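Chains as they are written, first to last, in our numbering: chain B, 1256 to 1502; chain D, 457 to 470. The beta-carbon is built from N, C-alpha and C at its ideal position, and this holds for glycine as well. These figures come from a predicted structure and were not determined experimentally.
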Amino acid sequence: ACPQALRVPSELLTQSVLLSHRATCHPRAEDLQGHRWATFSREEICAYQSQPTAEMWQRCARRVTEAIERVVEFAKRLRGFLELSQHDQIVLLKAGAMEVVLVRMCRAFDAATRTVLFEGKLAGPELFRSLGCPELVASIFDLAQGLSALRCSESELGLLSALLLVNAGRPWLQDRPRVARLQGHLDVAFRVLLRRTRREGLLARLPSPGRLRALCSQHLEQVQAFRRLHPGVVSAAFPPLYRELFA
Amino acid sequence: KHRILHKLLQNGNS
């Protein structure tokens, strides 16, 4: 009784990844279509801009941490991920979770206004002025804009995210061949999907691994810079998971 | 060293 398409193993994997992606994304896919998010008003933007740097960093660290927690849940639901050693699960998440968060951002990016959903409303890069890292914010918005223009489906984003996590090239893996096998299945599923939907052109337009890695490094550098300027704040007030991954 | 990640990965519920 199952349609032909779903009986092919890579189609089954794609379906499974899509379900995991949908279950762990915020905003949910159904809220994306015809969204009615308001844009922050001038007064609201000024209020954010007037926040002390340490407070704004803490606020953003909390939002990033919530997103990371959803990515951890996504990973746990990926077929085969939990069968890896816990050592390797942690290596992959440490290296890839932030990349997935960054890619997921494009779902809630409004290209017309160059704004991203933040704390319930649409925010432009200027809202984050008090963070004191304009280049990082600009790079993140550039990435979101570029990805948004690709108009990726949820299936594409789910598989892209899975491939960012299940990356046998990450240093310190204990069982690299095992990760490579899982990566191979995901890679095939992605290519089959792209062929079926005539979206093979997408591959050449995706951000390079180097670009995502550079963006994550930029984030780490800014965390270090913030710690030098505001010693003790990260230890005292940032979410433990954020500290574990980035500090 | 990665106490929180360990905990999240071991935690059974969604």
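Asked                                                                                                                                                                        : Found
I'd like the span of the alpha helix (DSSP H) that includes residue 1501 (chain B), first residue to last.                                                                   : 1495-1501
By alpha-carbon positions, which one of B:1441, B:1421 and B:1463 ends up nearest to residue 1410 (chain B)?                                                                 : B:1441
Pick from B:1356, B:1394, B:1305 and B:1467: whose alpha carbon is nearest that of residue 1330 (chain B)?                                                                   : B:1356
What is the rounded straight-line gap between the Cα of residue 1267 (chain B) and the Cα of residue 1276 (chain B)?                                                         : 14 Å
Note down, in chain order, every chain D residue with its Cβ under 8 Å from the Cβ of residue 1496 (chain B).                                                                : 460, 461 and 464
Kindly list, in the order they appear in chain D, the residues whose Cβ is closer than 8 Å to that of residue 1345 (chain B).                                                : 458, 461, 462 and 465
Can you list the beta strand (DSSP E) stretches of 3 or more residues lying completely in the stretch 1323-1385 of chain B, in chain order?                                  : 1370-1373 and 1376-1378
Taking C-beta to C-beta, are residue 1437 (chain B) and residue 1421 (chain B) nearer than 8 Å?                                                                              : yes
Anything in the stretch 1309-1337 of chain B with a Cβ closer than 9 Å to a Cβ of chain D? List those residues in chain order, please.                                       : 1324, 1327, 1328, 1330, 1331, 1332 and 1337
Let me know if residue 1301 (chain B) comes out buried or exposed under the rule of 16 or more other beta-carbons within 10 Å of its beta-carbon.                            : exposed
What do you get for residue 1297 (chain B), buried or exposed, if any count of 16 or more other CB atoms within 10 angstroms of its CB means buried?                         : exposed
Is it buried or exposed for residue 1274 (chain B), if we count other Cβ within 10 angstroms and need 16 for buried?                                                         : exposed
Quick one: list the residues of chain D neighbouring residue 1348 (chain B), beta-carbon separation under 7 Å, in chain order.                                               : 461
Quick check on this structure: which residue in B:1382, B:1367 and B:1458 has the alpha carbon closest to the alpha carbon of residue 1373 (chain B)?                        : B:1382
Using a Cβ-Cβ cutoff of less than 6 Å, which residues in the same chain neighbour residue 1332 (chain B) once the five nearest sequence positions on both sides are dropped? : 1275
Of all Cβ atoms in chain D, is any one closer than 8 Å to the Cβ of residue 1499 (chain B)?                                                                                  : yes
Checking the sheet assignment: what are the DSSP bridge partners for residue 1294 (chain B)?                                                                                 : B:1377
Buried or exposed: where does residue 1427 (chain B) fall if 16 or more other Cβ atoms within 10 Å of its Cβ makes it buried?                                                : exposed
Is the beta carbon of residue 1312 (chain B) sitting closer than 8 Å to the one on residue 1377 (chain B)?                                                                   : no
Please tell me whether residue 1371 (chain B) and residue 1352 (chain B) are closer than 8 Å, where the distance is taken between their beta carbons.                        : no
Determine, using beta carbons only, whether residue 1341 (chain B) comes closer than 8 Å to chain D.                                                                         : yes
Taking the runs of the alpha helix (DSSP H) that are 4 residues or longer, which of them lie wholly in the stretch 1429-1471 of chain B?                                     : 1431-1451 and 1457-1460
Among the candidates B:1444, B:1299, B:1482 and B:1488, whose CA atom is the shortest distance from the CA of residue 1384 (chain B)?                                        : B:1299
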